[in-house]
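Residue numbers (the working numbering): 20 to 630.
Please read the structure below before turning to the comments.
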């Protein structure tokens with residue numbers, strides 16, 4: 020079997036312990052079964068990793084993979100995928116980023132980068148079509164993300180295709196929710212990949228390339244492309260709303276459906292006046308400079324903003340909600356400045372916001388004494404301390420040293436783990452699960468812990484799904500709907516395209532584009548089979564890492580403390596959690612303990628550690 024078009028057929032393997040760099044062949048069978056991006060990275064990671072390894076030890080393997088559509092003009096086809104063992108959760112870490120870095124990495128002639136080992140001194144990796152080298156990076160250690168990017172691009176002056184992926188001081192200091200940043204403000208954000216690279220003393224990866232992606236069947240590809248472009252222009256969300264408002268425009272909408280969290284998910288009460296000054300409309304009218312877009316993207320949901328003399332990107336919805344109302348803060352400029360600093364220092368704004376909210380509740384309840392807060396008034400609503408807290412977390416100063424461990428370890432440190440709003444140790448995004456069984460189940464069953472993307476973009480299904488919309492409290496439909504949404508996400512992540520295209524269309528246009536590029540059969544049925552295979556492999560890793568059905572659950576708060584939704588008090592009871600979980604396992608064809616059955620693994624051609 021020959022390798023299809025759309026791939027270079029080369030895996031770059033770097034061992035930071037030995038300093039070795041080698042190129043191995045990408046097996047055609049791997050792309051036939053796992054496609055690219057998330058699927059390909061997961062398959063290579065699973066075969067190379069030890070689920071029992073220390074996530075911050077040299078044995079942790081990091082895999083970055085691209086997809087066959089990268090290098091074409093397919094809408095939003097610019098995203099790379101990174102897989103690792105998370106130092107925050109101890110389970111699989113799976114993170115996705117846009118921008119242009121992944122596009123340029125692929126143009127260097129490699130489909131996959133595998134990073135093993137750890138260096139004794141700070142290093143970087145420099146990749147071009149001619150060579151891949153490990154270079155000293157002591158002069159970069161301590162610089163923030165923007166400074167590192169500027170320095171490395173200036174050293175490659177004259178090469179317009181140069182791009183930089185790097186960590187900031189948060190990653191260097193092993194903050195467990197440190198991000199890996201690319202193109203300055205794009206993030207492989209969740210699960211702490213920045214800490215993994217920091218432990219490896221890997222500061223940056225610079226790429227420079229110009230190789231093209233070949234399309235085998237241009238007419239077939241073009242038919243899918245034209246359909247995708249037509250549907251993007253036909254749907255208001257993808258035609259106009261994302262460009263006009265960005266994701267920050269969700270603040271008021273999520274509040275209308277009673278899902279916007281307040282004060283560490285204690286309730287969902289916000290006044291009109293508070294949200295008037297804290298949402299996308301206020302951002303557009305006061306601090307927006309211009310919209311922006313990732314590579315090959317017509318949606319333009321980025322927000323280039325300015326507060327006083329400082330400029331940056333964002334904040335996005337999750338950042339705005341979790342550093343904002345979830346901390347009792349409704350000051351747009353304060354949240355924006357904290358967001359800028361998170362990007363510069365290399366922090367996941369979502370885990371950062373929810374960890375700060377947890378600290379505020381601990382302080383509010385008298386559990387964190389004033390002395391332990393190092394003079395900071397950690398009360399809800401104190402917008403003046405946000406940026407300083409971000410700084411202290413990134414440099415592990417004072418109480419920031421404990422916050423840098425994430426909200427679960429923070430709450431355990433003060434003997435109140437129930438105040439950590441996490442699943443599998445990952446902080447919950449800004450959609451309260453009491454307002455939707457689909458959202459609750461998505462958090463419970465996400466392989467990486469509480470993630471709205473890895474768990475299935477449930478909010479789009481339950482409220483903006485059009486013909487696909489289902490009742491948000493449907494016990495019958497939620498398990499199947501979440502499986503389907505997770506599978507769509509697996510396909511999107513493996514194709515290297517954006518979730519927001521799902522507002523306009525499903526897999527059919529992508530099927531034709533992927534088949535046209537590769538010349539192989541990537542029918543919608545075939546893509547669904549690939550998604551099932553990736554989901555099973557992610558689950559196998561987590562089972563081997565120690566996950567049990569008891570980990571597929573929600574914090575007790577959501578079962579015991581009611582939330583008013585559409586005028587009615589709602590919880591996600593333990594009985595509902597048990598039923599949703601059981602029915603989801605059945606929909607996945609896993610057994611009652613959440614293990615993929617032998618029959619399923621055989622059908623999917625997965626042979627455990629031999630795969």
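Virtual Cβ for every residue (Gly too), placed ideally from N, Cα, C.
Reducing DSSP to helix, strand and coil, say where residue i ends up.
i	result
residue 522	helix
residue 610	coil
residue 200	strand
residue 68	coil
residue 308	strand
residue 34	strand
residue 226	strand
residue 158	coil
residue 277	coil
residue 43	strand
residue 583	strand
residue 600	helix
residue 146	strand
residue 354	helix
residue 194	coil
residue 26	coil
residue 315	coil
residue 446	strand
residue 286	strand
residue 233	coil
residue 185	strand
Between the alpha carbons of residue i and residue j, how many angstroms are there, rounded?
i	j	result
residue 517	residue 123	17 Å
residue 422	residue 410	11 Å
residue 290	residue 270	12 Å
residue 245	residue 274	36 Å
residue 301	residue 621	54 Å
residue 119	residue 592	44 Å
residue 63	residue 573	30 Å
residue 436	residue 285	15 Å
residue 296	residue 357	16 Å
residue 558	residue 464	10 Å
residue 113	residue 54	16 Å
residue 565	residue 601	19 Å
residue 259	residue 406	32 Å
residue 199	residue 45	25 Å
residue 206	residue 624	33 Å
residue 40	residue 31	7 Å
residue 263	residue 594	42 Å
Quick one: give me the first and last residue of the alpha helix (DSSP H) that residue i is part of.
i	result
residue 498	497-514
residue 435	First-last for residue 435: undefined, no H or E at that position.
residue 155	Where residue 155 is concerned, there is no enclosing alpha helix (DSSP H), although the beta strand (DSSP E) it sits in stretches over 151-155.
residue 456	456-464
residue 537	527-537
residue 576	576-579
residue 409	405-413
residue 550	543-563
residue 621	617-622
residue 165	164-174
Please report the residue range of the beta strand (DSSP E) in which residue i lies.
i	result
residue 90	Residue 90 -> no beta strand (DSSP E), and no H or E assigned at all.
residue 330	329-332
residue 112	111-116
residue 324	321-326
residue 99	99-104
residue 132	131-135
residue 588	587-589
residue 218	Here residue 218 belongs to no beta strand (DSSP E); instead the alpha helix (DSSP H) covers 212-218.
residue 378	From DSSP, residue 378 is part of no beta strand (DSSP E) but of the alpha helix (DSSP H) over 368-383.
residue 207	205-207
In chain order, what residues of the same chain have a beta carbon less than 6 Å from the beta carbon of residue i, not counting five sequence neighbours either side?
i	result
residue 268	299
residue 395	404
residue 454	277, 278 and 584
Within the same chain, show all residues whose beta-carbon is closer than 7 Å to that of residue i, passing over the 5 residues directly before and after it, in chain order.
i	result
residue 543	526, 527 and 530
residue 399	282, 346, 347, 379 and 383
residue 231	90
Please work out which residues of its chain come closer than 8 Å, Cβ to Cβ, to residue i, disregarding the five sequence neighbours upstream and downstream, and give them in chain order.
i	result
residue 616	608, 609 and 610
When the Cβ atoms of the segment 83-99 are set against those of the segment 549-556, are three or more pairs found closer than 8 Å?
For the pair of segments examined, the segment 83-99 was found not to touch the segment 549-556: the number of CB pairs separated by less than 8 Å stays below three.
With a cut-off of 8 Å, do at least 3 Cβ pairs link the segment 70-87 to the segment 163-173?
no
Flag this pair as touching only if the segment 216-234 and the segment 132-140 have three or more C-beta atom pairs under 8 Å; answer yes or no.
yes
Could you tell me whether the segment 468-479 touches the segment 428-447, using the rule of 3 or more Cβ pairs below 8 Å?
yes
Are the segment 599-612 and the segment 498-505 touching by the rule of at least three beta carbon pairs closer than 8 Å?
yes
Between the segment 126-133 and the segment 21-37, do at least 3 Cβ pairs fall closer than 8 Å?
Result yes; three or more Cβ-Cβ pairs closer than 8 Å.
Please confirm if the segment 308-326 is in contact with the segment 155-166, defined as three or more CB-CB distances below 8 Å between the two stretches.
Counting C-beta pairs closer than 8 Å gives fewer than three between the segment 308-326 and the segment 155-166, which falls short of the contact rule.
I'd like to know if the segment 221-235 and the segment 531-540 are in contact, where contact means that at least 3 CB-CB pairs between them fall below 8 Å.
yes
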